[in-house]
Each structure stands twice: as structure tokens, then as C-alpha cells.
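In order, the protein sequences belong to chains A and B. Residue numbers for the first sequence follow numbering that gives the first Met the number 0, beginning at 0 and rising by one. Residue numbers for the second sequence follow numbering that gives the first Met the number 0, beginning at 0 and rising by one. For every residue, glycine included, the Cβ atom is placed at its ideal position computed from N, Cα and C. None of the values given here were measured: they were computed from a predicted structure. So the structure is just underneath, and the comments pick up after that.
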Amino acid sequence: MTDVQLAVGESRTEVVIDEVTPTHLVRYAGASGDFNPLHHNDDYAREHGYPGLFGHGMFSMGLTAKVITGWFGPESLRQFGVRFTRQVWPGDQLTTTAVVTEVTGATANLDLETVNQKGEVVVAGDAVVSLQTDKPAPR
Amino acid sequence: MANDSPPDHPTEHFRFPVDATSVMLFARSLGDDQPASIDIDHPDAADGLVPPPTFFQSSAHYEPDYPLDTLRTGWKQKITPRHPGPGKTLHGEQRFVYHHPVRSGDVLDVTIRIGDQWRKESSRGGALDFVEQITEFRNQDGVLCVTAVNTGVIPENKPGSDS
Chain A
0 MTDVQLAVGE SRTEVVIDEV TPTHLVRYAG ASGDFNPLHH NDDYAREHGY PGLFGHGMFS
60 MGLTAKVITG WFGPESLRQF GVRFTRQVWP GDQLTTTAVV TEVTGATANL DLETVNQKGE
120 VVVAGDAVVS LQTDKPAPR
Chain B
0 MANDSPPDHP TEHFRFPVDA TSVMLFARSL GDDQPASIDI DHPDAADGLV PPPTFFQSSA
60 HYEPDYPLDT LRTGWKQKIT PRHPGPGKTL HGEQRFVYHH PVRSGDVLDV TIRIGDQWRK
120 ESSRGGALDF VEQITEFRNQ DGVLCVTAVN TGVIPENKPG SDS
């Protein structure tokens with residue numbers, strides 16, 4: 000294991016998806032098991048009062064997680080919570096920023112924000128990561 | 000958080016095998032290129048693939064009568080406080096707590112119960128009902144690995160995503 004040296008205020012910003020397409024959402028539906036037609040059927044979404052189909056909230060959360068695991072390792076998360084603040088539409092580009100807010104011993108707290116190409120927040124949250132698990136622990 | 004589901008909504012219980020292909024497909028669906036999650040020959044995956052942090056949502060594939068998988072053979076509508084019917088709820092918040100590592104090859108024991116429920120007045124008018132659904136994942140040794148808390152929001156007379 001390698002300790003990650005870290006200071007409050009350090010941050011990472013990454014584009015987590017260049018352009019959301021219906022194909023991404025269909026693929027996510029198949030992988031996750033969430034086959035809500037609002038996320039793949041444009042007509043159904045319009046009938047339910049939306050401008051068209053839109054992304055699963057959990058798809059946005061999963062994209063957001065990539066910045067954390069890319070920074071601290073695939074098994075670094077101890078807690079991860081988000082609020083879904085805005086819908087994600089086909090054509091959107093999403094960018095996630097993670098900021099270190101506190102470092103306590105072997106863990107760090109992060110603030111998380113994922114925005115669309117207009118700068119509107121689609122996911123806001125926080126996480127606690129271990130700083131000693133950049134590699135999966137042997138079992 | 001409440002410790003027990005309301006008596007009319009008993010705790011659900013099922014098993015969820017974490018297989019390598021499911022982990023890889025889930026990672027790829029997010030464009031997650033962590034070798035530990037997609038490459039069974041990578042040294043980081045020597046003890047099994049590491050599920051991406053939100054992978055546990057895909058236990059839905061094994062949840063009996065999962066409300067958002069209506070095409071499943073024999074599927075029956077299941078009404079719960081979190082899923083009061085198609086198009087009625089929004090997914091407001093999601094939280095995971097990771098207690099113990101999970102790898103492909105594990106078989107997780109899943110329990111789902113309803114947690115707190117509360118009502119708030121919306122700033123746009125009308126009431127919003129909030130419902131927590133708490134899911135716990137224990138491995139084959141009985142060790143609690145992950146706790147997931149899903150908060151649904153049910154607006155008055157508003158369409159919703161129910162997802």
C-alpha cells in the first residue's frame with residue numbers, strides 16, 4: 000500500500016462523458032437493471048411531461064465516481080453520497096470536480112460536483128476516501 | 000433511520016452473485032477503465048474484479064419483481080413506499096457506505112427495508128414526500144460489506160422518473 004500525500008483544497012476536474020447519447024443510457028439500463036422507459040423511450044418521456052428521454056440519476060452518480068476511483072484507487076471509497084439536482088439530457092457533456100475539504104489521519108473528505116456544458120450542477124455530493132488503498136487489498 | 004420497515008412493508012431478502020462479467024459490463028457502461036474492474040488478468044484483479052462504487056444498484060437484476068424491470072417473465076407490479084407506481088417518484092439522493100471489500104466471486108445476501116419517511120413543503124408550492132429505502136449487502140461469511148440509502152421524492156401531481 001502507498002500513502003497518498005494530500006492537502007486541503009487540492010482538486011481534480013475531469014470530463015466524465017463527452018456526449019451523453021441514448022446508446023449510453025440503453026447500455027447503462029442493461030447493466031444496472033433499471034429499465035424505466037423514461038430513460039430510453041422518447042415518446043414515453045414526452046407523454047409523462049418531459050421534453051424527451053433523459054439519463055438515470057445513477058448513471059450520473061456512476062460517472063462522478065470515476066474521478067474518485069481514478070484519483071485514490073478503485074477500492075478507496077468509504078462513503079459516497081449525492082443529491083440529484085438536475086436532469087441530464089442526450090447531448091450533454093458532464094464534468095466532475097472533486098475537492099479535498101478535510102484530511103484526517105488516513106482518510107480524506109471530498110466535496111463533489113458534476114456540471115453540464117452550461118455549468119449547471121447535475122450532481123452534488125461528498126465522499127470519504129481512504130488514503131491507503133490506491134491498490135485493491137489482497138485477500 | 001428506522002430499524003425496521005413498517006409492518007405493511009416487510010423487509011425483502013434475496014441473494015446477489017457478483018460475477019466478473021456483470022462487473023465488467025457495469026464498468027464499461029460508465030466508461031470506467033479501471034483495470035481492476037474490467038481486466039481479469041490484471042494484477043489488481045488477482046482476487047477478483049473490483050466492482051465500481053455504484054455497481055451495487057445492479058442487484059436489481061436479482062430483486063424479485065423489481066419495479067423498473069417490467070418485461071421480466073412473470074413480473075408483477077410491486078407497490079412500496081419507495082415505488083408507489085410508475086412515474087410517481089424521483090430519485091432525490093443516494094448514499095453508499097463501504098464497510099468491507101467486495102470482489103467478483105462473492106455472493107451477497109441483500110436485505111431491503113424502508114427507513115424514514117417525512118414530508119416537506121416545496122419552495123415551488125405543494126408538498127414533497129420523502130422515503131428512504133435502505134439496502135444492506137452481506138457477503139457469504141455474513142460480513143456487512145455495503146449499505147445503500149436511496150431517498151425517493153414523491154411530488155404532489157408532478158411527473159417523476161421513479162429511478
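Between residue 114 (chain A) and residue 94 (chain A), the C-beta spacing is below 8 Å. Nearest Cα to residue 104 (chain B) within the set B:46, B:59, B:118 and B:142: B:46. Per DSSP, residue 82 (chain A) is one residue of the beta strand (DSSP E) stretching across 76-83. Taking the C-beta atoms as reference points, residue 143 (chain B) is found no nearer than 8 Å to residue 102 (chain B). Going by beta carbons, residue 91 (chain A) and residue 110 (chain A) fall outside the 8 Å limit. Listed along chain B, the residues sitting closer than 8 Å to residue 76 (chain A) by beta-carbon distance are 52, 95 and 97. For residue 106 (chain A), no alpha helix (DSSP H) segment is defined; the enclosing uninterrupted segment is the beta strand (DSSP E) at 106-114.
Leaving aside the five residues that flank residue 16 (chain A) on each side, the residues in its chain whose CB is nearer than 6 Å to its CB run, in chain order, 62 and 93. Contact annotation, residue 96 (chain B) with residue 22 (chain B): C-beta distance approximately 20 Å; criterion of less than 8 Å not satisfied. Under the DSSP definition of a beta bridge, residue 129 (chain A) partners with A:106. The DSSP-derived three-state label of residue 56 (chain A) is helix.
At a cut-off of 8 Å between beta-carbon atoms, residue 92 (chain B) makes contact with chain A.
Only those residues of the region 25-47 of chain B whose C-beta falls short of 9 Å from the nearest C-beta of chain A are listed: 25, 26, 27, 28, 29, 30, 31, 32, 33, 34, 35, 36, 42, 43, 44, 45, 46 and 47. In terms of beta-carbon proximity, residue 18 (chain B) stays away from the interface with chain A, with every pair separated by 8 Å or more.
Using a CB distance cut-off of 8 Å, residue 33 (chain A) counts as an interface residue toward chain B. The C-alpha of residue 127 (chain A) is placed about 11 Å away from the C-alpha of residue 98 (chain A). The Cβ atoms of residue 147 (chain B) and residue 55 (chain B) lie closer than 8 Å to each other.
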